[in-house]
Structures are given as structure tokens and as C-alpha cells.
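Undergrad: Residue 392 in the working numbering sits at position 10 of the sequence shown, and the numbers go up by one each step. Ideal placement from N, C-alpha and C gives every residue a C-beta, glycine not left out. Take this structure, written in C-alpha cells, and hold onto it; I'll ask about it next.
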Amino acid sequence: MSSATLFSPAKVNLFLAITDRRKDGFHNLVSLVVSLDWGDTLHAELAEETRLICDDDELPVDQSNLVLKALAAFRESTGWTAGVKLQLVKRIPVGAGLGGGSSNAVVTLRAVNALSGNLLADDELAKIATKLGADCALFLQNAPVVMRGIGDQIETLDNKTLQRISGQSILLFKPPFGVSTPWAYGQMAARPETYLPSDQAESRWNQWQKGESTDLSDLGYNSMESVVFGKYPAIPALFRLIREKFGLLPLMSGSGSASFVFLEKDTPVDEVTALIQEMWGDASFVTIAGLA
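Next up, the structure:
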């Protein structure tokens, strides 16, 4: 194989409870995470020299990019030295809480593994992915998962639960600013009352999982809203109007700033979109996506 083109999906957290801070500075969490049918595209092909090209001029294409970090990690593990031209078509906004960088890293590993003749088995790729980022493990799965620990402990779901989640549509939207994930975690560490204890987090998840409702809004929770909303009041201001005008329940994904609402057949998408753009300006980002 001399080339490979792979889809690099975004993700959303349908439930995100940050439970506590570990002694090593990382945070424990319980989260239901779902990949979307919308995201970036990575094209990789063998070449004389290695380079990364991206259609988003604001995204660095040096060694700070997780695509090149993933390639370097693969080379270190395998000794594979062939040149690779990597072209990233970027759709997932940066600083959005949608997992774009981690997703890009995982599809890079899959692409270069294919180009190398599959030098590594899936479990070996998983070990590399986890070192690149705790939440990279999510993108090695092809279905919704529950993440625990620092995001490195993955629980797959039973078929009944999967059927209640997959295929639902969301309206995804982001203001013209991002939120720093390290900043958000730092704020939570400074305010321990913002943590949701693990027993309460597990209780919330188990209660929904054992029920019959397909309304994912019943599960919706994000610990990080408590610190992000204080610095970025434009987010809760929009949430309040969406609830009041349309009866929808917005939820922030990850550390933000991207958020989403679940769509029903009668949801006035154009009106909701118009409200988002009125509140956040024409530079705001809005799209419809499906839960994979």
C-alpha cells in the first residue's frame, strides 16, 4: 500500500464528571464519550521526504502537532523510516473540547501502520496512542465508550445501551474563542467543590444505563461548566436563551468551548442557528452531526 485516506472523527462528552485530582497532577473522570459522523480527513502517502500539510493556516505543522508526534512515536516503536506526506483536511475547531488533536493522532498511527505493511498489532498501536494522550484510547474504538481514570480506562457498552445512543443527531456549535483545557483543570483543582465524587458520578451513569429512556438529555452533565461559565459568560447566556425559547438542554463538550443540543424531528434548527449567530456573531461555528 502506498497511500491511505482515513476519516478522523470529532467526539462529544454526553456525560463528564471530573471526580478528583491525583497526586501526579492528572484528574480522574467518568465520562460517556461518543464519536461523531463528522470530523477531519487525513491522507497519507509514501514520499521522498516527510512533511505535514494542513488547509487550516492557524494550525501549526511542526513537531508540536499531534500528527507528527504520532508519526515519531510510531517510528520509535518500529524503526520504520520511510518518508510520508501527510495532508490534513481540518474541520474540527481547535480549543473546542471535541478531541480533534487526539483523533488526528490515532488515525495517523493507523495510516502509517497500513503504509508500513501493518508492522504493529492493534494492541501495540493502543499502547502508543495512550502515551500520546489519555483520551486517544477512545478513538481506537468504533463505538461509544465510558472512560474512567485519566481517560485511559475504556469500558465498551452492551448492545441495548448502544441502540439508545447511536444514530441520534445533534446541533454542534462553538463561539469564536476556545477554552484552554489545562486552564480549566487548574481552575477545578483550585476549587475542589467543583468535583463530583466518583460514587455520585457512577450512580448517575448507572441510573441512566439501567433505565429505558432514549432521551440523552436526561443524562447530560459536565463538571467543567462550573468553572468555564464564570470566565466565559457568553456560553451560559446562550444556554439560558436556548432553554427558554426552544425547550432544549444545551451541554458543553469536554472543557469547551464547543457545545451541543440534541435534535428532534420538530426542532427548528434554522431558528436555533439564528439565535446562536445573533448571540455569538457570524464567526461562530454551527453544524449538524450524528452520533456514530
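Excluding five sequence neighbours on each side, which residues of the same chain lie with their C-beta closer than 6 Å to the C-beta of Asp402?
TA: Correct list, in chain order: Asn410, Tyr577.
Undergrad: In or out: Pro557 buried (at least 16 other Cβ within 10 Å) or exposed?
TA: Buried: at least 16 other Cβ atoms inside 10 Å.
Undergrad: Which term fits Thr387, buried or exposed, when burial requires 16 or more other beta carbons within 10 angstroms of its beta carbon?
TA: Flag for Thr387 reads exposed.
Undergrad: Quick one: what's got a C-beta closer than 7 Å to Thr463's C-beta in the same chain, skipping five residues either side?
TA: The residues are Arg457.
Undergrad: At 3 residues or longer, what runs of the beta strand (DSSP E) sit wholly inside the region 419-502?
TA: You should have 433-436, 465-471.
Undergrad: For Arg433, which of Gly421, Leu418, Val466 has the nearest alpha-carbon?
TA: For the residues Gly421, Leu418, Val466, the minimum Cα distance to Arg433 belongs to Val466.
Undergrad: Quick check: Ile624 and Val610, are their CB atoms within less than 8 Å of each other?
TA: Result no, Cβ atoms of Ile624 and Val610 do not sit closer than 8 Å.
Undergrad: Less than 8 Å between the CB atoms is what I'm expecting for Val494 and Leu453, so what's the real figure, rounded?
TA: That pair is a contact at about 6 Å.
Undergrad: Taking DSSP as the reference, what is the three-state secondary structure of Ser595?
TA: In this structure, Ser595 counts as coil in the three-state DSSP scheme.
Undergrad: Check the Cβ-Cβ distances between Ala519 and every residue of chain D, and say whether any is below 8 Å.
TA: Annotation note: the requested chain D is absent from the structure, which comprises a single protein chain.
Undergrad: Quick check on DSSP: helix, strand or coil for Gly612?
TA: In this structure, Gly612 counts as helix in the three-state DSSP scheme.
Undergrad: So, Pro579 versus Leu414, is the Cβ gap smaller than 8 Å?
TA: No; because the gap between Cβ atoms is not below 8 Å, this pair is not in contact.
Undergrad: For the alpha helix (DSSP H) that Pro509 lies in, which residues bound it at each end?
TA: This sequence places Lys at residue 509; Pro is not what is there. 504-514 is the span of the alpha helix (DSSP H), which, as asked, contains Lys509.
Undergrad: What beta strand (DSSP E) runs, 3 residues minimum, are completely inside the region 541-588?
TA: DSSP runs (the beta strand (DSSP E)) wholly in the region 541-588: 551-556.
Undergrad: Using the Cβ count rule (16 or more neighbours within 10 Å means buried), how would you classify Ser551?
TA: Ser551 is buried by the Cβ-count criterion.
Undergrad: Do Gly481 and Asp517 have their beta-carbon atoms positioned less than 8 Å apart in this structure?
TA: In contact: Asp517 and Gly481 (Cβ atoms closer than 8 Å).
Undergrad: Can you tell me the Cβ-Cβ gap for Ala429 and Lys451, rounded? I've got them flagged as a contact below 8 Å.
TA: That belief does not hold up - the Cβ atoms of Ala429 and Lys451 are roughly 19 Å apart, past 8 Å.
Undergrad: Let's test the definition: count the other Cβ atoms within 10 Å of the Cβ of Met634 and tell me whether it reaches 16, buried, or not, exposed.
TA: Its Cβ being crowded by 16 or more others within 10 Å, Met634 is buried.
Undergrad: On the three-state DSSP scale, how would you describe Ile536?
TA: Correct three-state label for Ile536: strand.
Undergrad: So if DSSP puts Pro630 in a beta bridge, which residue, or which two residues, is it bridged to?
TA: Sequence inspection shows Leu at residue 630; the Pro mentioned does not correspond to that position. Partner(s): none; Leu630 has no beta bridge.
Undergrad: What residues in its chain sit with their C-beta under 6 Å from that of Trp662, if we drop five residues either side in the sequence?
TA: Closer than 6 Å at Cβ, skipping near neighbours: Pro557.
Undergrad: Tell me whether Gly663, by its Cβ, gets closer than 7 Å to a heavy atom of the ligand NAP.
TA: Ligands in the displayed structure: none, and consequently the ligand NAP is not present.
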